[in-house]
Structure formats: C-alpha cells, structure tokens
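Engineer: In UniProt numbering, the protein residues as written are 1 to 393.
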Amino acid sequence: MTLNNTMFPISVLLAEPSTSTSTSLDLTHAKGVFNTTVILPCQKPCHGVVKWVKARPLPPQTIAHCVNGTCADFGNKATVGLFGNIFLSLPQAALTDEGWYEGHCDDEVICDITLELSAHNSTAEVHKGDALSFGLLSSEPVRVTFRKAGVSNSTDDLVCVVEGAVPLCVREYSRRSSVQDYTVIFTNVTESDEGVFTVIDSNTTRILNTMKLTIKNGSNLQKTVPLKVVFTSEGRTHPCVSGSQTDDVPRCEIHHKTPHYFITHQKTLTIERVFTIKDQMNEDVGTFKDTVNVTVSDIWQLSILWQITLFVGGFLLNMFLWRILAFARRTYNRIKKRASTPPNPEEKGGLPLLPCTGPPPQQTESELDPEAQTKDNGHLVKVGASAITFPAV
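Structure, rendered in structure tokens:
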C-alpha cells in the first residue's frame, strides 16, 4: 500500500502542465489546420511580463517572452497580443506545433491550451500537360499516396517516399517528379493522374495534406512549367520562347520570309502565325493562331540570295579591275622607258664618230663641195655627202 501511495502523486505530477500556481484550471482545446495560422486564445489581461511556454511534449520550450511590450525574438515563430488578450498566434502550423501550451503573466499560469491540428485539404483543376504541385508540410520523411478517381474499390497506392527533399518515386512518376522547398511537383499530368494525392508522415502515420486533382478539358496556354514554343509562318518553322510562359499569347520573335527581290519603302507585312505548344517531353499540348503586322524599316533591303549574289559579283569585279590596273601600269612603264633611252646610231644606218683629242672640228666652205680640199695640211674624210676636216697631227 505504501508503494501505491508513493506512485500516485508522481502520476498526477506528470499530468499537470505546470508546477506554478494557476488562477484558472480551465483547459481550452484549440484546433487548427496544417500550414495555416493558428491562434491560441487567452482572454485575460496581463500588465506585467508575458510568457508562453510549450509544456508538452517534454522538455518545456519558451515560445514567447515579452517585457514592457517588447518581445524577444524566437525566430518569428509566434505573435503575442499584449492589450487585454495575450493570445498566441502560430503561422504555418506544423505537426511539431501540436501540444500543451501555457500562458504566463508574471510567472503565473493564467491559460492552459492544447492544440490539435488536422490535415490540410485542397483541390486543383489543371489542364493536361500542366504541372501539379502541393506542399509536404513537413521536413521529416513523408510518404505520398494516390487514389485514382472513378475507380470502384480504389485503394491508396504508394507513389513517392520523400526524405531530405529527395523524392523516391515509382516508375510512372520518377521522370516527372521533383521537390522544391518541401513542395512536390508532378509535371505533364494526364488523365491517369486524376484522383486524390495524400501526404502522410512516415513516423506518426498522420495525414498532413490531401490534394484532389481534376483534369480540365483542352489545353492551357498560361503555362507555369518550362515550355518550348514554335510557330510556323509562310511555310517556315521558327523557334520561339523557351522557359516559363505566363501570357495568353506567347511572345515570339517574328521572322518573315523576304522575297527574292528588292524591298523599298514597304512599311508593314501581314503574317499569319501558327503556334505549337510543346512540353518537356516534346509532345504537343496545344495550338494557337493569330495574324500580326510586322513593321519593316523604310530602307533598302535585300534577300539573302541577293546579298550572296552581290558579294560574289563584287569580288569578281574587283579582281577584273585589278587586272586592268596592272596592265595599264605595265604599259605606262614601258612607254616611259622607251622615251627616256637615247637613240642608237647603228639603228640609223651611220658610222660611229671617231674620237678626237684636239679642238672641235671646224667646218669650212669646202664642206659644201664634196670634191673640195682643205687649204691646210689636215685630212679630209668623206662620210656620205658631207666631209669633216680633222687637223693634222
């Protein structure tokens, strides 16, 4: 009997949230939803030091501590009311936020509140080929299951196991699944994905989140996943946007087919475009048609064929002009050389002049007569019809 009396106060002590004196023994039960803001009410004023403590599970944790209207920073995990109601607000409540909370005023417990969270339920309607994303709502290991819609006696089948933000999925989802910021993303959804996805905590088997997916008919041009858009204009296909597209009409760089002739003073061109939307699997998910007016600058423009033709023609013309210039230069040098060279006497049919050492020869009147003789003792030499007298040596 003594043993039983000894253990009874111990069990009572473990059941009490606090050993301090409380002004109220009322225990308030608060309920909330995962990933939402939960408020723990405490309709009692406090003009002293306000403190919120999470008493269970052990060990106790101080959530907020406020003195003279100033609260200590606890990672912005909570907000405390200080004027007539010292409520505690918990943003984005998670599984670890469940438990027993105590509101203290000057180290005296004035509120006891237990918090219980339920699964977050949501729905989504997406087009075929779009992406589905929903939160895991936990940093701990979780499991993702799927129950197909429209099938009788359908069961929850395991789709993925996520540990450390790394998804390990079955073959059907392995190529199109990823996890970013504790959010799982399934790309390129099809009709077979229509149903309910459930996120379950692997340690506690608690349901954290459910997502009901409905596939909408048709295709959606407002994409939030990477796309590859091409458009066809005048029989030619051009690449367009590569990346996330949020506009109703994809913005594409317009390429127009230039005719094989000169374009002069042409202001606009009307082009009919046919867009083809492709997903990451290079599958068509939709089409779009429109007509646009392309402004053409008021300048001379040439087609590619004409540009190539003019380039080759200019090159050949340049070579031809260089050849003409070289021929003219050679001809000019040849004429100039002939004009500057003295004439050769042999080329005129005469004899070369004999060298002389005396004074220059003097012509007399006898030179006019071929038969005349000089009066001095010089020598007379006849050359053709003229005679030159050399002085005697």
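C-beta: ideal position from N, C-alpha, C; glycine also.
Nothing here was measured: the structure is a model prediction, and the numbers come from that model.
1. Quick test of the definition: if touching needs 3 or more C-beta pairs under 8 angstroms, does the segment 24-42 touch the segment 80-98?
2. Report the rounded CA-to-CA distance for CYS66 versus PHE34, giving the unit in angstroms.
3. In chain order, what residues of the same chain lie with their CB nearer than 6 angstroms to the CB of CYS111, ignoring the 5 residues before and after it?
4. Between the C-alpha atoms of ALA55 and GLY48, what's the straight-line distance to the nearest angstrom?
5. Suppose contacts are defined by Cβ-Cβ distances below 8 angstroms. Is GLU140 in contact with GLU116 by that definition?
6. Among the residues of its own chain, which have a CB less than 7 angstroms from the CB of ALA119, if the five just before and after it don't count?
7. In the structure shown, what three-state DSSP assignment does ASN203 receive?
8. Let me confirm a value: VAL50 is counted as buried when at least 16 other C-beta atoms fall within 10 Å, else exposed. Which label applies?
9. Going residue by residue through the segment 119-203, where are the continuous alpha helix (DSSP H) segments of at least 4 residues, counting only ones entirely within it?
10. What is the DSSP secondary structure of LYS51, reduced to helix, strand or coil?
11. Could you name the residues that DSSP lists as bridge partners for CYS66?
12. Which class does ALA93 belong to by DSSP, given the choice of helix, strand or coil?
13. Do you know how far the Cα of VAL170 is from the Cα of ILE304?
14. Thinking C-beta only, is SER202 closer than 8 angstroms to ASN142?
15. Drop a sphere of 10 angstroms on the beta-carbon of residue 416, count the other beta-carbons inside from all chains shown, and report buried for 16 or more, exposed for fewer.
16. Can you check whether the CB of TYR173 is closer than 8 angstroms to the CB of VAL196?
17. What residues match up with CYS42 in a beta bridge as DSSP calls it?
18. Does the distance from the C-beta atom of GLU194 to that of LEU213 stay below 8 angstroms?
19. Would you say the beta carbon of ASP107 is closer than 7 angstroms to some non-hydrogen atom of the ligand COA?
20. Rounded to the nearest angstrom, how far is the Cβ of residue 424 from that of PHE146, given a contact under 8 angstroms?
21. Have a look at the DSSP bridge pairing and note the partners of residue 482.
22. If the criterion is Cβ atoms closer than 8 angstroms, does the pair VAL179 and VAL144 meet it?
23. Let's test the definition: count the other Cβ atoms within 10 Å of the Cβ of LEU317 and tell me whether it reaches 16, buried, or not, exposed.
24. Which residues in the same chain have their Cβ closer than 6 angstroms to the Cβ of ASN121, if we skip the five residues on either side of it in sequence?
Structural biologist: Per the coordinate set shown:
1. yes
2. 26 angstroms
3. CYS42 and GLY103
4. 21 angstroms
5. no
6. PHE34, ILE207, LEU208, ASN209 and THR210
7. coil
8. buried
9. 171-174
10. strand
11. VAL50 and CYS71
12. coil
13. 53 angstroms
14. The question names Asn, but residue 142 in the sequence shown is Val. It is a contact, given that the beta carbons lie within the stated cut-off.
15. Here the chain comprises residues numbered 1 to 393, so residue 416 is not present and cannot be evaluated.
16. no
17. DSSP, once it has assigned bridges, lists no residue as partnering CYS42.
18. yes
19. By its list of ligands, the structure shown contains no ligand whatsoever, and the ligand COA lies outside what it can speak to.
20. As shown, the chain starts at 1 and ends at 393. That puts residue 424 outside it, with no answer to give.
21. Residue 482 is absent from the model: the chain starts at 1 and stops at 393.
22. no
23. exposed
24. THR210
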